[in-house]
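In my numbering, the protein residues as written are 1159 to 1341.
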């Protein structure tokens, strides 16, 4: 399958990446456990189309692990509760996996922002995403809403800059490895 992630096709791949994540989010939030196969298919298609599989794999692994751990910790701390009673449902892990694949494509623009603005974007939009998931019934907030939203703002104000840093570090490592192989 030809790569869509380089050259003149890069803009199309960025658009695909944006749209596929929006689809993944809506499927995960609305269908929960019934969305597992489509969420996996979106991930597999990303890797089939990407020319940067190594970089994407490293970003995918690290951000999925870190994000899942943060959410599992929040669930353990009673900030979240899931209908299934799980600390972290599989659909949410797969949503993290899909989210992780946006950092070198549709959310690459975050790398150009100062850390303070990354924190603001994370605090506002990360929290809004979880609030929307709450409104759609994908997650419950056992604690008072104001308490949960305050901690979500704090968590996402830290999370997003950390995820951007991870993506930048991986990009730098991949670029360094390419330079060494050339010389």
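A virtual CB, placed ideally from N, CA and C, is assigned to each residue, including glycine.
Fair warning: this is a prediction, and the values are worked out from it, not measured in the lab.
Counting only residues of its own chain and dropping the five nearest sequence neighbours on each side, residue 1289 has a CB closer than 8 Å to the CB of 1307 and 1310. Taking a contact as a CB-CB distance under 8 Å, the pair residue 1222 and residue 1328 does not count as one, their CB atoms being some 13 Å apart. Within the region 1264-1307, the runs of alpha helix (DSSP H) at least 4 residues long that lie entirely inside it are, in chain order, 1273-1279 and 1285-1293.
Excluding its 5 nearest sequence neighbours in each direction, residue 1253 has C-beta neighbours in its own chain below 6 Å: 1186, listed in chain order. Cβ atoms of residue 1264 and residue 1175 come within 8 Å of each other, at about 4 Å. The region 1204-1266 contains no complete beta strand (DSSP E) run of 3 or more residues. Taking 9 Å as the cut-off, the Cβ atoms of residue 1238 and residue 1232 count as close.
Distance from the CA of residue 1296 to the CA of residue 1193, rounded to the nearest whole angstrom, comes to 12 Å. In its chain, beyond the 5 residues on either side, 1185 have a beta carbon closer than 7 Å to the beta carbon of residue 1196. By the criterion of at least three beta-carbon pairs nearer than 8 Å, the region 1254-1274 is in contact with the region 1196-1206. Sixteen is the threshold: when 16 or more other Cβ atoms of the shown chains lie within 10 Å of the Cβ of residue 1318, as they do, the residue is buried.
Within the same chain, and ignoring the five residues on either side of residue 1298 in sequence, the residues whose Cβ sits closer than 6 Å to its Cβ are 1239.
Your pair residue 1179 and residue 1261 does not check out as a contact, with CB atoms roughly 11 Å apart and the cut at 8 Å. Residue environment for residue 1284: buried (at least 16 other C-beta atoms within 10 angstroms of its C-beta).
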